[in-house]
Structure formats: C-alpha cells, structure tokens
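Trainee:
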Amino acid sequence: MAKVVQFLGLFLVVAGISGTVDQLASQPFLSPVLNFVNHYVIPHMAPLQGYEVICNLSLSVVGSIMVIVANRPERSEG
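Every position in the sequence shown, counted from 1, becomes a number in our numbering once 7 is added.
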C-alpha cells in the first residue's frame, strides 16, 4: 500500500510542476496526462480560477507530503 501512495504522491508532484510550467509557458510533453488539473479541474471550480499557479504548486506540496509520509517506517507500540 505504501508503494501505491508513493507513486500517487510522485505523480502529484510531477503533475503540479508540469501544470505550473504550462501556466507560465507552453508544455507540450504529456500535456493531457500531466496537466489534468489545469484542463479538467480548475476550469470547473469557480474559486480556483485565477489561482492556477498556486493550485499547481499546492498540488506538488501535497504530493511531496504523501511521498514523505509513505516513506516513514512504521513504529510498533510495545
């Protein structure tokens, strides 16, 4: 399960960075996959419109937190 969370977190980091690059310049590399948030989520949520760069950077931060948490060793209470 930790590997799935790590993979999802890594994807969110890359998607957030790619979305930020897409907002600041053109991003043709895997655009439909990596810029999913820019193309399908942000346009349909009115409070997020106009804050695309912040949303994408926040997505990267959330992904980084997921990777860090998934890498933590489990403690056994005892």
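Each residue gets a CB set at the ideal place from its N, CA and C atoms; glycine is no exception.
1. Please state whether DSSP places residue 47 in a helix, a strand or coil.
2. Out of curiosity, what's the CA-to-CA distance linking residue 68 and residue 61?
3. Cβ atoms of residue 43 and residue 22: under 8 Å apart, would you say?
4. Can you tell me the Cα-Cα spacing of residue 75 and residue 41, whole angstroms?
5. Please report how far the alpha carbon of residue 77 lies from the alpha carbon of residue 47, in whole angstroms.
6. Measuring straight from C-alpha to C-alpha, what distance separates residue 24 and residue 73?
7. Give me the residue from 45, 38, 39 with the minimum Cα distance to residue 64.
Mentor: Reading from the atomic positions:
1. Secondary structure of residue 47 (DSSP, three-state): helix.
2. Here the C-alpha atom of residue 68 lies approximately 10 Å from the C-alpha atom of residue 61.
3. Yes. Within cutoff.
4. Per the coordinates, the alpha-carbon of residue 75 lies some 21 Å from the alpha-carbon of residue 41.
5. So the alpha carbons of these two residues sit roughly 27 Å apart.
6. Approximately 16 Å, taken between the alpha carbons.
7. The option with the nearest alpha carbon to residue 64 is 45.
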